[in-house]
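Visitor: Under numbering that gives the first Met the number 0, think of the first position of the sequence shown as 0, with each following residue one higher.
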Amino acid sequence: MPLLDEQVEYQPCRVEEGDDLSLLKEDEGESDSGRLCDVDSEVEAIGCGFFHYRMVVYVALVLHALGPDHDACSILGLGNAADAVEILAMNYILADYGEISPSESSFLTAAVFAGMLVGGLIGGVMADHYGRRPIVLLNLAINSISALLSALSPSIHWLILFRTLAGIGVGGIVACLFALCVEHLPAAARARFVTILCSFWMIGSIVTAAAAWVMLGKTIDSSHVRILPWCNWRYFAAFAGLPAFLCFGLAYLYVPESARFLASQKNYAAAEAVLVHIMALNGVRRAAPHLSPSFDNVSSAKKEKQVDLRAAMLSPSLRLVAVCLFVASFCLSFGSYGISTWITKLFVSIGLANPYANAFLYAGANLPGNLFSFYVVDSWGASTLLMASLVAAAICAMLFAVQLDDSAAAIVALACLFNALATAAWNAFGVVTTHAFPLSVRVTGMALVNSVGRVGAISAQFVNGYLIGPPPHLMALLLVTASVLLTGALAIRCMPRTTISTPLSPNKARSTSPSAASIQ
C-alpha cells in the first residue's frame with residue numbers, strides 16, 4: 000500500500016457509485032468550485048448520520064453479510080472485538096494446555112502483553128506518520144497469522160513466541176482504532192461513540208468464552224463429559240485468529256482514512272473525497288467542501304511541526320495529565336487483566352465444577368458494565384465514571400476475597416460484578432485517553448499510555464501466576480488487585496479537570512492558557 004502524501008490519490012475514500020450526489024448541492028451564492036472551509040468545521044457541520052451509526056452498531060450484519068453497506072466503525076468495533084479474542088484466548092488455552100510449571104504459565108500469559116508493549120510503541124509512531132488505516136491493516140494481518148502459527152506450535156517455547164507476535168498486532172491496532180473513530184466524529188458525539196466502540200470488547204470476550212466452553216468445556220449436566228471430546232486448545236487457538244482475518248478484509252474494502260489526518264498531511268483532495276463520501280451517505284445537503292491551508296487546516300509547515308510529543312509534554316498541566324494517565328493505565332491493566340487472564344484457573348483453584356461455564360457468565364458481565372457506562376458517561380463525565388468504577392471494582396475484589404469459602408453462586412456473582420465494573424472503567428478510560436493529546440501526536444501519546452498499561456498487565460501475570468500457585472494464595476491475589484485499583488482511582492482524582500468539547504485539528508489543539516492539557 001502506498002504511503003499517504005500530497006501526490007497520492009486515496010482511492011478507498013472516493014465517492015462510490017450509487018452515492019446520492021444530488022444532496023451535495025451548492026448553497027445559494029456559493030461558487031461552482033465549492034466552499035472554502037476547514038476540516039473541523041466540515042466534520043462538525045456534517046454531524047452524525049448513517050455513516051457513523053453504521054460504523055458502530057451493525058456488527059451483527061457485518062458478521063453475517065459482507066455487503067457494501069457495512070462501513071467503518073462497525074469494522075472498527077469488530078477490530079476491538081478481535082483484540083479481545085486474542086488477549087482472552089490465552090486464559091482458556093492455558094487451562095487446557097496441560098501440566099506446565101508456574102514460571103512457564105506466567106511467561107505464556109505475559110507474552111501477549113509484552114508484544115502489545117512493543118506493538119503499541121511502534122504502531123503509535125507509525126500511525127502518526129503514515130496514517131491510521133495502513134497501520135490498522137498491517138496489525139490485523141499480524142494478528143491473524145500469529146494466531147494460526149500458535150495453533151501449530153510444536154512446544155511451549157514456540158507458543159510463547161507466537162503469542163508475543165500476536166501481541167504486537169494487538170498493541171499496534173488499539174490506539175489506531177480509537178483515533179480513527181474519534182477523528183470521523185463531531186465533538187458532541189465522541190464520548191458516546193467511543194463508549195460504543197469500547198463495548199465491542201464485550202462481544203469479543205463473550206464469543207471467546209462461548210467458543211472455549213463449546214470447544215474445551217463440559218456439558219452443563221455433567222462435570223465429566225466434554226461437549227467436543229475431539230477438540231483441544233490448538234483448534235481454539237486457530238479460531239482466535241478468525242475475527243482479525245475477517246476484520247482485515249472489511250477494513251481493506253470499506254474503512255476510509257481520517258479526513259482530519261489527511262488534511263494535517265496537506266492531502267486536501269483525499270480529505271475532501273472522504274467528506275463528500277460521508278455527506279452522501281448521511282444525506283447532508285451541503286456544497287462540496289474545498290479545503291485550503293489558508294483556512295487553518297495546517298497553515299504552514301512550521302505550524303504543522305509545532306505540536307510534537309516532547310513539546311506537548313513540556314506543558315506542566317499536560318504533563319500532569321499524562322502522568323496520571325500512566326498510573327491509571329498501569330493500575331487498571333494490572334487489576335482487570337490480572338483477573339481476566341487467570342479467571343478459569345482461579346475458578347478451578349476454588350473448586351468450581353464447571354469453570355468454563357462460569358467463565359462464560361463472567362464474560363457476559365460485560366453487558367451490564369457497557370450499558371451502565373453508555374448511559375452515564377455524558378451525565379457523570381468520563382473521569383468521574385472512571386474513578387467511581389475503579390473504587391467500586393476494588394471493593395468488589397475485597398468482598399470476593401472474604402467470600403472464597405462461601406457458596407459457588409456468591410463467588411461467581413462477585414466475579415461477574417467485578418468484571419462489569421472493570422468494563423465500565425475501561426470504557427471511561429477509552430474516552431479520557433482518546434482526547435488527551437493533540438491530533439498530530441494523538442496515536443503516539445495514546446500508545447505511550449497503553450504501553451504503560453501493558454507493563455501493568457505483564458506485572459500482573461507474574462504476580463498472579465505466583466499467587467495462584469500451587470500452592471494457591473487467592474486472598475492475597477485479590478487484596479493486591481484491590482489495592483492497585485484504588486491507586487488508579489487516586490491517580491484519576493489527582494488529574495486536572497478535562498473537557499472534550501474542543502476541535503481536533505492540530506493547530507487548535509494548542510493553547511496559551513494554563514488548561515492546555517484539557518482533553519481535546
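Each residue gets a CB set at the ideal place from its N, CA and C atoms; glycine is no exception.
(1) Considering only C-alpha positions, which residue in the set 130, 199, 411, 239 is nearest to residue 87?
(2) Name the two residues that bound the continuous beta strand (DSSP E) containing residue 471.
(3) Rounding to the nearest angstrom, what Cα-Cα distance links residue 355 and residue 381 in this structure?
(4) Throw me the rounded Cβ distance for the residue 145 and residue 158 pair, which I believe falls under 8 Å.
(5) With distance defined between alpha-carbon atoms, name the residue in 102, 347, 337 nearest to residue 407.
(6) Go to residue 101, then tell me how far its alpha helix (DSSP H) extends in each direction, as first and last residue.
(7) Of all the options 369, 465, 471, which has the alpha carbon lying nearest to the alpha carbon of residue 422?
(8) Between the alpha carbons of residue 345 and residue 400, how many angstroms are there, rounded?
(9) What's the C-alpha gap between residue 452 and residue 272?
(10) Helix, strand or coil for residue 289? Go by DSSP, reduced to three states.
(11) Indicate whether the contact test is met: 3 or more Cβ pairs, each with one atom in the segment 485 to 494 and one in the segment 360 to 374, closer than 8 Å.
(12) Quick one, which of 147, 172, 171 has its alpha-carbon nearest residue 160's?
(13) Taking only runs of the alpha helix (DSSP H) that begin and end inside the segment 144 to 190, which ones reach a length of at least 4 residues, in chain order?
(14) Sort 116, 104, 153, 95 by Cα distance to residue 461 and report the nearest one.
(15) Using 8 Å as the threshold, is the C-beta distance between residue 112 and residue 168 below it?
(16) Please determine, among 183, 431, 469, 485, the residue with the shortest C-alpha to C-alpha distance to residue 278.
(17) For residue 217, name the three-state secondary structure that DSSP assigns.
(18) Are residue 210 and residue 244 closer than 8 Å when you measure CB to CB?
(19) By alpha-carbon positions, which one of 216, 121, 477, 233 ends up nearest to residue 338?
(20) Check the C-beta distance from residue 232 over to residue 374 and give it rounded, since I have them as a contact under 8 Å.
(21) Spatial neighbours of residue 472 within its chain, please: CB distance less than 6 Å, with the 5 preceding and 5 following residues excluded, ordered by chain position.
(22) If you scan the segment 403 to 457 from start to end, which runs of the alpha helix (DSSP H) of 4 or more residues do you find wholly inside it?
(23) Buried or exposed, going by whether 16 or more other CB atoms sit within 10 Å of the CB of residue 332?
(24) If residue 449 and residue 171 are in contact, beta carbons under 8 Å, what's the gap, nearest whole angstrom?
(25) Can you name, in chain order, every residue of its own chain whose Cβ lies under 7 Å from the Cβ of residue 89, other than the five neighbours on each side?
(26) Jot down the residue ranges of each uninterrupted alpha helix (DSSP H) in the segment 225 to 268, minimum 4 residues, whole runs only, in chain order.
(27) So, is residue 190 buried or exposed, given that buried needs 16 or more other C-beta atoms within 10 angstroms?
(28) So residue 392 packs on residue 417, CB below 8 Å; how close in whole Å?
(29) Between which two residues does the alpha helix (DSSP H) containing residue 383 stretch?
(30) Thinking just about the alpha-carbon of each residue, which of 128, 435, 255 is nearest to the one in residue 180?
(31) DSSP three-state label for residue 480, please.
(32) Taking just the CA atoms, how far does residue 199 sit from residue 410?
(33) For my contact list, residue 227 and residue 213 are in at a C-beta cut-off of 8 Å; report their separation, rounded to the angstrom.
(34) For residue 482 and residue 415, what's the separation of their Cα atoms in angstroms?
(35) Find the nearest neighbour of residue 424 within the set 413, 388, 412, judged by alpha-carbon distance.
(36) To which residues of the same chain is residue 175 closer than 7 Å at the C-beta, ignoring the five residues directly before and after it?
Guide: Let me spell this out:
(1) Checking every option, the nearest Cα to that of residue 87 belongs to 239.
(2) It is not in any beta strand (DSSP E) - residue 471 carries neither H nor E in the DSSP assignment.
(3) When rounded, the separation of the alpha-carbon atoms in residue 355 and residue 381 is 33 Å.
(4) About 11 Å separates the beta carbon of residue 145 from that of residue 158, a gap too long to meet the 8 Å contact definition.
(5) The option with the nearest alpha carbon to residue 407 is 347.
(6) Start and end: 101 to 129.
(7) Checking every option, the nearest Cα to that of residue 422 belongs to 369.
(8) When rounded, the separation of the alpha-carbon atoms in residue 345 and residue 400 is 12 Å.
(9) Distance from the CA atom of residue 452 to the CA atom of residue 272, rounded to whole angstroms, is 37 Å.
(10) In the structure shown, residue 289 falls within a strand segment according to DSSP collapsed to helix, strand and coil.
(11) With contact defined as three or more Cβ pairs closer than 8 Å, the segment 485 to 494 and the segment 360 to 374 are not in contact.
(12) When only C-alpha atoms are compared, the closest one is 147.
(13) Runs of the alpha helix (DSSP H) lying entirely within the segment 144 to 190, each at least 4 residues long, are 155 to 182 in chain order.
(14) Nearest neighbour of residue 461 by Cα position, chosen from 116, 104, 153, 95, turns out to be 104.
(15) In this structure, residue 112 keeps its C-beta atom at 8 Å or more from the C-beta atom of residue 168.
(16) Of 183, 431, 469, 485, the residue nearest in Cα terms is 183.
(17) DSSP places residue 217 in strand when its eight states are reduced to three.
(18) No. Outside cutoff.
(19) Among 216, 121, 477, 233, the Cα nearest to that of residue 338 belongs to 477.
(20) About 38 Å separates the two Cβ atoms, so there is no contact after all.
(21) So the qualifying residues of the chain are 466.
(22) Complete alpha helix (DSSP H) runs here, min 4: 407 to 433.
(23) Classification of residue 332: buried, given that the 10 Å Cβ count is 16 or more.
(24) In this structure, residue 449 and residue 171 do not form a Cβ contact; the two beta carbons are roughly 10 Å apart against a cut-off of 8 Å.
(25) Only 107, 108, 111, 162, 340 meet the Cβ criterion.
(26) Counting only runs that start and end inside the segment 225 to 268, the alpha helix (DSSP H) elements of at least 4 residues fall at 232 to 238, 241 to 253, 258 to 263.
(27) Under the 10 Å beta carbon count, residue 190 is surrounded by 16 or more other beta carbons and is classified as buried.
(28) The Cβ separation is near 6 Å, so the contact holds.
(29) Under the DSSP assignment, residue 383 falls in the alpha helix (DSSP H) whose first and last residues are 381 to 401.
(30) Nearest of 128, 435, 255 to residue 180, Cα basis: 255.
(31) In the three-state scheme derived from DSSP, where H, G and I count as helix and E and B as strand, residue 480 is classed as helix.
(32) Inter-residue distance for residue 410 and residue 199 is about 26 Å (C-alpha atoms, whole angstroms).
(33) Taking a contact as a CB-CB distance under 8 Å, the pair residue 227 and residue 213 counts as one, their CB atoms being some 6 Å apart.
(34) For residue 482 and residue 415, the distance between alpha carbons rounds to 19 Å.
(35) Put simply, of 413, 388, 412 the residue whose alpha carbon is nearest the alpha carbon of residue 424 is 388.
(36) Hits under 7 Å: 122, 126, 131, 134, 135, 442.
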